[in-house]
Each structure stands twice: as C-alpha cells, then as structure tokens.
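One structure below.
Protein chains in written order, with the UniProt record's numbering: chain A, 1 to 287; chain B, 1 to 287.
Below, the structure is given as structure tokens:
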C-alpha cells in the first residue's frame, strides 16, 4: 500500500512527513505524520522507530506540533510515527456526536459490535497494516527495532499493544494512560460501544491491568502521570491499579510510575517529559 | 495595575501563568502568558526576562504551546513574556476583516490615524505599560535585565523596539522578521492603515532597515530565516535589506543572519531554533 506525502516540513534537522494512505483495516483514507531524524536522511541511513499513540480527540498533528518528541528523536536518531486515533468519515450514525466515542476515539481495538465493526479496527491498523506498509515503503526505517508510547487513550493503546504482542515492541512507556479501562468511565463507554456490554472477556483482553497479570518474564515500563491531572483525580486513569496487578503477579519491579507534582493532562506536561520517554525508547532500541 | 491569573500550568519545571489585566494603552483587557522558570519559584529568586513578540494572527498561546522556549528558559533561568498581538474587542468597524490588519495584527506601533488610534497602541503597551506592570507585580522578575525576540511581525517588533530604545533591552533576536516593512506588502498595508499613506517619516520610524542606519555603537543581532519560507520568497521579510543597510552604516559585523535550509515560517521552524535564541538572550543577560 503506497503513501501520498501531502507535506514535508523541516524540524530539528530532520523532516516531518504528512502522509495519507488507503487503509484496508478501516476502509478509509488514513492520515499520519512520520518524523525522520537527520540520521535517516543520510544515504543508507536506517533508524529505529517509535510509535506514538495519541489521546481522545487528537490526530497525529497535535503531538507533532506540541509534544516536543522531535527534539529528543533528532538527538537519538529515532523515527517517530504519529497515527490518527480512529477512522474518519465512515458516516456511521452518531460517529461525531461525542468526544470520547467514535471519531477521534478508536481506543486501539477492533470493534466487534455493529455498526462499529465496519471500520473501527485501530488495533489491526496499528499493529499490522500500518507498520507493514511503512516498513515496505520507507527503507530508512528499521522494522526490527520498534518501540511504542502514547498519551491517555494512547497510553492505554501503548500498554495493551505491548502486553498483547510480546516481542513486537522493544519498549513501552506512557503518559497519563487509561491503565484500567474496564473500571473507568471512558473505557467502559468505549468497550460497551465497540464490543457490547456482555463481552466481558473481550473487555479484559484490552485492559492493561488485566493483561499485566498474565505477563511472563521481565517487564520494564515508564509511566508519567501529573498529580494536577483532573482525569487522574476523576479516576479515569487508575495507574495504581496497574501497579497493584503487576505487584500481585510479581512483575512490578521494572515499572517506574512517576507522579509528577502539579502537572496536568495537557501537552505542556507531555513536552516536559518527552525527552525522557524518547531516551527510554532509545535505550531499549540500542541507540 | 493588577493581574488576574486565569490558569497556572506546570511546564519544564516552572509555571506558565495565563494572565489578564486592564490596559490603559489599548483601553481593553489584555491577555498574556508569563513563564516563570524553576529558578524564579525559589524563595527570593530573581530572574531576567525575555519578551517574545508573536506574529500575525497569533495570541501569546501559540508560541507557549508550540515554540518550546520554555525548554531553554527552564535550563537558563529566564522568564518569558508572551503578550498578545493587538487589542481585542474594540468594536472598530473592519477590525476582524483581515488576518493582516486590525485584530491579531497590531504591528507594535501606536496608531495615529482614526479610528485605529482609539486603542491600537501596542508600541506603548509593550515598551512601557506591560513591563512596568509586570515588574511592579512580580517581584521574581528582574526588570533591569530584559531581552527581546519575536517571530515575523513580532520579529519586526523585536528589532524596531530594540533599535528605538537603546539600553532598554540587553539583546535582540528574531525569527523570520519583517525586516523592511515599508518595502513589503504586509508592512505597507499596516502602516497605511495605522499612520496614513502620507506619513512616510512615521513609517520609517518603525522600519528596522531604516532604524539600523541611525544606530550608534556596536550592534549584535541573531536572525534566523528558513529558505523554504514562502513569505521570505514572496519578499515580505527582506532580511537582506536590513543587512545591507547595517553594512552601509558600518554596523553589520555583529549581525548573524542564518539562512536555515528548507525551514518554513511555522512553529516547527521556531521550535527547532528556540534554544539558540534563548541562549543568545541568556548570554547577553549574564546567565
């Protein structure tokens, strides 16, 4: 599947490509941004790749503009992929009615309930179709060295995709992740809509706190959460549940949950700690 | 004049304050952002101040979110002031009709032509009223150590305010400044509107290229312009005219015009070189 480059923007010595391609997972065109660091622009350059999954309401543009990942990625020599958060324009009734379900809120699952199963397949898109297409098209990307991170709904995505696919990602980190969606209003609404209320087993298969109980072997995770984050206070994120579950499974030693004093849920928070998450990925990617 | 703090946001170890105050220069409420670095939050901390002037259409929010001055300012211990670009809500007819005149386009002049002379006094606001109010209210700001920078229309503002007020600012730098507005469509439209077509002397008093001819003594300026900047290509910026005028006046030795390959006019460009401009200011501010 080929990509159309709709813009090329110089950024921190590298290039940010605005891309568009037809997705068979979603049945729509999908937009995304790809940051190629200076190291990828040299002849024969081959760089590892960090997937960044965005939160509710966002496209790949928000973090490209406000997240400050290019700063660290340029220094470490990482490509960064910023996908969209859902299909757009499927014309499903109600698709654009809420900020936390439908457009901009794909939750990185493959929906099984009608009508959302028509194209809300962000799990397949992010874990299979998109990386395969990118690595086939962009020879400067090293598809054998891939890490993942994300924010809020995208932090949920990063944790679950990592835990469901051992070996696929060299590392995982998250900013203010929805770490236990089956026990949080956002997650419950989304999973009810995409899977149905009676599909409790399927809900658990996309819940980081449930998944970490099953994890075998060592586990290293970096998580930042701001103590001034209203969604944290409202118990939408529940990172402590994730830690507790890992502890019960004897897998918490490598989990670094940092509660950052006063930080909120915004890109100001993300930008502040973006360098740390890029460094975390870079360390595990061997750069 | 007192400030109302409408939000306090943690950013790079410091605090970004969203402020509002009544301005006698403009006759309106004015919003701005003030970044206090971690060094200012310590008891008795006193930090130098960098004024950042925004470009057409912007408020102080755009650069606070996308310019990443906080990154360098946090490391160097500089406060950053992000003012608005014009009065808002004066209800002058036509005020909101164009992106390059009226709201969001105050051009850092005091208008003399009716009806704009009613409140379009951004020159007085930025050079007098705002710093006096800030330094009276925020004791952590060192009003004796102030530098200035800006982008596009704000680059014009930074250069002209610096050149018109010897000693007021310890240093100046600019991103893609409108460096010779009397010879560029944007500047001609603005000066015609704010001063009148027949006020050529007044036009020259707000033109960096004209002002640099009169500058006495040494002059150090850092200017970044992207070679992929469409406004540069369209001759809205004309930085070479500024260099030529300085050269004729024997004052060009300390001007560092960097033409940055492929960079455009956006905040991606600004973010890439923000650290350099903060370091430039910090060096001249003695930190």
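Where is the CB? At the ideal position from N, CA and C, for every residue including glycine.
All values derive from a computational prediction rather than experimental measurement.
- Residue 115 of chain B sits in coil when the DSSP states are folded into three classes, being neither helix nor strand.
- With a cutoff of 8 Å on beta-carbon distance, residue 33 of chain A and residue 53 of chain A are scored as not near each other.
- Contact annotation: residue 175 of chain A and residue 68 of chain A have beta-carbon atoms that are not nearer than 8 Å.
- Residues of chain B whose Cβ lies closer than 7 Å to the Cβ of residue 66 of chain A are, in chain order, 65 and 66.
- Considering only A/169, A/209 and A/22, the residue with the shortest C-alpha distance to residue 247 of chain A is A/209.
- Between residue 141 of chain A and residue 80 of chain A, the gap from beta carbon to beta carbon reaches 8 Å or more.
- Contact annotation: the stretch 177-184 of chain A touches the stretch 201-208 of chain A, with at least three C-beta pairs closer than 8 Å.
- In this structure, residue 263 of chain A lies near residue 228 of chain A, with their beta-carbon atoms less than 8 Å apart.
- The DSSP assignment places complete beta strand (DSSP E) segments of no fewer than 3 residues inside the stretch 67-107 of chain B at 79-83, in order along the chain.
- A direct Cα-Cα distance of roughly 13 Å separates residue 193 of chain A from residue 92 of chain A.
- Taking all protein chains shown into account, residue 97 of chain A has fewer than 16 neighbouring C-beta atoms within 10 Å of its C-beta and is therefore exposed.
- Secondary structure at residue 37 of chain B: coil, using DSSP grouped into helix, strand and coil.
- In this structure, the beta-carbon distance from residue 161 of chain B to residue 108 of chain B falls below 8 Å.
- The C-beta distance from residue 249 of chain B to residue 213 of chain B rounds to 5 Å, short enough to fall under 8 Å.
- Per DSSP, the beta bridge partners of residue 110 of chain A are A/121.
- In the three-state reduction of the DSSP assignment, residue 46 of chain B falls in the coil class, being assigned neither a helical nor a strand state.
- For residue 17 of chain B, no CB of chain A lies under 8 Å from its own CB, so it is not counted at the interface with that chain.
- The alpha helix (DSSP H) runs of length 4 or more contained entirely in the stretch 184-235 of chain A are, from start to end of the chain, 185-195, 200-205, 208-214 and 230-233.
- Membership of residue 287 of chain B in any alpha helix (DSSP H) is not indicated, and neither H nor E is assigned to it by DSSP.
- Secondary structure in the stretch 230-270 of chain A: the alpha helix (DSSP H) runs of 4 residues or longer, each lying completely within the stretch, are 230-233 and 239-248 in chain order.
- Interface flag for residue 262 of chain B against chain A is set, since a Cβ pair is found closer than 8 Å.
- DSSP places residue 56 of chain B outside both helix and strand once states are collapsed to three, so it counts as coil.
- Under the Cβ criterion of 8 Å, residue 2 of chain A is not counted among the residues facing chain B.
- Taking C-beta atoms under 8 Å as the contact rule, residue 127 of chain B and residue 153 of chain B fail to qualify, at a distance of about 16 Å.
- Scanning chain B for C-beta atoms nearer than 9 Å to the C-beta of residue 112 of chain A yields nothing, as the closest lies near 38 Å away.
- One alpha carbon belongs to residue 86 of chain A, the other to residue 149 of chain A, and they sit about 17 Å apart.
- The beta-carbon separation of residue 282 of chain A and residue 42 of chain A, rounded to 18 Å, does not stay under the 8 Å limit for a contact.
- Taking 8 Å as the CB threshold, residue 108 of chain B stays off the interface with chain A.
- At a cut-off of 8 Å between beta carbons, residue 43 of chain A makes no contact with chain B.
- Of the other Cβ atoms in all chains shown, fewer than 16 fall within 10 Å of the Cβ of residue 230 of chain B; this residue is therefore exposed.
- Put simply, the backbone Cα of residue 47 of chain A is about 42 Å away from that of residue 146 of chain B.
- The residues 274, 275, 278 and 279, in chain order, have a CB closer than 7 Å to that of residue 72 of chain B in the same chain once the five nearest residues on each side in sequence are set aside.
- Using a CB distance below 9 Å, the part of the stretch 259-286 of chain A facing chain B consists of 260, 261, 262, 263, 264, 266, 267, 268, 269, 271, 272 and 275, ordered along the chain.
- Per DSSP, the beta bridge partners of residue 149 of chain A are A/52.
- In the structure shown, residue 274 of chain A adopts helical secondary structure according to DSSP, grouped into three states.
- Excluding sequence positions up to five before and after residue 219 of chain A, its CB lies within less than 6 Å of the CB of 251 and 254, all in the same chain and listed in chain order.
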